[in-house]
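Reading through the structure tokens given below for one structure.
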Amino acid sequence: MARRDARHQGVLQQPARESPDHVRPEGSRQLRAQTAGEFVATRRLAACSNKVGARVRSFVTAASAHESVEQQPGNGLAVNDSPAAASSPVELFVTNFHRRFTGVSATANGVVSQQRKQRPLQLVGNPLPLAPKPISLWTALRICRRPPANRPFAIWHVRRNIEMLAGLFGRDILRLPIRLVFTSAAKRRHSFIPRALISRMDAVIATTAAAAQLVPHVAAVVPHGVDVDRFVPPQDRHQAWEKAGFPGRHGIGIVGRIRPEKGTDLFVDAMLRVLPQRPESTAIIIGRATPGDAAFERGLKAKIQAANLTDRVRFVGEIPAGQMPALMQRLSLLVAPPRYEGFGMTPLEAMASGTAVVASDTGAFADMIVEGKTGHVVPVGNLDALTGAILAITKDPEQLSLAGQAARQHVVEHFALSREAAQIDQVYQRLWNGDRF
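For the sequence shown, the working numbering begins at 7 and goes up steadily by one.
Here it is, written out as structure tokens:
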């Protein structure tokens with residue numbers, strides 16, 4: 007019998023240490039600190055796995071006993087009425103364990119809206135607007151006690167550390183017939199625990215070529231896509247802007263958490279330079295600050311007030327995901343100046359809505375934007391370059407509108423959500439066909 011893949015030997019095993027061949031033989035204090043840190047992280051991972059694994063085993067044992075009682079003669083419940091009594095038609099389980107609607111949630115939400123048209127799937131965890139009603143982790147584990155009809159195993163598509171860990175509990179501790187697919191967008195090396203988890207995935211989908219260089223088991227590079235039927239240009243952008251009640255004729259916006267990593271301060275500083283030269287434009291900031299970034303937000307508001315631009319730089323707050331298409335239709339320009347981004351969806355949503363984009367050179371922005379045609383890409387953290395690009399693209403409203411039209415066409419051709427879903431489905435099919443990555 008062939009030896010089973012090491013990835014399926016159980017998450018409770020301590021991962022082998024990475025070889026320090028790239029480190030000088032004499033070692034260093036930094037190496038010793040790193041080794042000690044990895045040892046502590048490994049112990050914590052094992053302790054967490056043991057604790058949650060015991061809870062899962064206890065739950066499933068109790069569930070099995072409960073099903074046995076339910077199926078006793080005379081209780082009015084036929085054997086086939088039990089959800090675990092026969093193979094489930096569900097082939098795909100998509101996890102969403104974060105309570106807030108984050109960027110990861112948004113990408114999963116879009117893909118699921120397409121995938122549910124292709125095959126039986128189930129959302130596990132917290133709700134997503136375009137997904138089926140979610141079930142709990144425990145219910146999902148019960149369903150997966152048997153493989154789906156006509157498939158050797160179900161596939162769990164996970165996107166976060168805790169979701170990888172939950173999938174590993176099911177596959178390696180409970181020995182359920184499931185396989186794990188992870189999407190990685192990170193463009194910098196993962197820390198130790200995520201690396202340990204990712205190394206046990208059956209397949210990894212990277213969103214960029216750069217992300218693919220940092221993870222093992224890469225089955226495909228599949229960039230995120232946007233729903234081009236949901237994000238569409240408005241009939242009249244100026245009219246859409248006026249309906250929002252903001253001053254001026256043109257909207258320049260930034261979308262995302264208010265924090266340094268997202269470059270909100272760079273946006274504000276650029277607007278303090280741009281708006282005096284663009285009297286018909288108004289800047290809006292869409293997003294919220296966490297309590298830890300409240301002081302950062304107050305500092306931005308104080309800076310705006312000192313420049314006497316409070317009426318022309320508006321803080322809109324966080325808006326529901328369902329309102330995002332209407333928001334993008336109102337903007338004439340989206341600015342995305344983060345200092346770091348794994349992928350970044352808001353530029354795609356803006357471009358699909360016929361809105362031009364100026365973005366920093368991080369995430370997948372350079373792949374999305376056709377320089378000088380659909381927008382501009384500037385060096386990360388460079389305020390002068392950011393300001394110059396915004397001034398250049400907003401100089402002529404007609405050219406700005408043409409850039410938005412070109413952006414829409416580019417996204418439809420290269421970043422449609424249906425294209426992403428189809429490429430992800432090919433990875434699933436290869437797993438079901440027995441391919442190893």
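Backbone N, C-alpha and C fix where the C-beta goes; we use that ideal spot for every residue, glycine too.
Remember, it's a predicted structure, so these values are computed and weren't measured experimentally.
Between F321, S287, E286 and R263, which has its C-alpha nearest A295's C-alpha? R263
With a threshold of 8 Å, are at least 3 pairs of Cβ atoms found where one atom belongs to the segment 412-425 and the other to the segment 385-403? no
Quickly, what does DSSP pair N102 with across the bridge? List them, please. G131
Got a sec, what are the start and stop residues for the alpha helix (DSSP H) T214 sits in? It is not in any alpha helix (DSSP H) - T214 carries neither H nor E in the DSSP assignment.
Inter-residue spacing [alpha-carbon to alpha-carbon] between P344 and L182: 41 Å
Smallest Cα separation from K268: which of D317, G350, I258 and Q283? G350
If you draw a straight line from the alpha carbon of L98 to that of L186, how long is it in whole angstroms? 10 Å
Exposed or buried, K123, counting other C-beta atoms within 10 Å across all chains shown (16 or more means buried)? exposed
Whole-angstrom distance between T108 and R3, CA atom to CA atom: No answer is possible for residue 3: the residues shown for the chain start at 7 and end at 443.
Cβ-Cβ distance between G173 and T113 below 9 Å: no
Classify N314 as buried or exposed, calling it buried when 16 or more other Cβ atoms lie within 10 Å of its own Cβ. exposed
What would DSSP say about R425, mapped onto helix, strand or coil? helix
Closest residue to A146 among L134, I161 and A155 (Cα-Cα distance): I161
Beta-carbon spacing of G369, G348 below 9 Å: yes
Range of the contiguous beta strand (DSSP E) that encloses I290: S287 to I292
Selection from L337, A327, F103 and G251 that minimises the alpha carbon distance to P239: L337
Kindly indicate which three-state DSSP category A365 falls into: helix, strand or coil? strand
Do you know whose CA, among P282, A191, L272 and K249, lies nearest A342's CA? L272
Inter-stretch contact (C-beta, 8 Å, three-pair minimum) for the segment 298-316 and the segment 241-252: no
Is F321 helix, strand or coil when you go by DSSP? strand
Check whether V232 and A398 have beta carbons under 9 Å apart: no
Per DSSP, the bridge partner or partners of F188: V164 and V210
List the endpoints of the continuous beta strand (DSSP E) containing L339. L339 to A342
Start-end ranges of the beta strand (DSSP E) lying completely within the segment 357-408, minimum 3 residues: 362-366 and 381-384
Beta-carbon proximity of M4 to E303, cut-off 9 Å: Residue 4 lies beyond the residue range present for the chain, which begins at 7 and ends at 443; the question has no answer from this structure.
In the structure shown, what three-state DSSP assignment does H256 receive? strand
Contacts around R125, its chain only, beta-carbon distance under 7 Å, and the 5 residues preceding and following it disregarded: E97 and L98
What does I149 pair with, by DSSP beta-bridge criteria? I149 is not bridged to any residue.
Reference G323, options V130, V117 and T270, closest by Cα: T270
Looking at the structure shown, is V261 part of a helix, part of a strand, or coil, going by DSSP? strand
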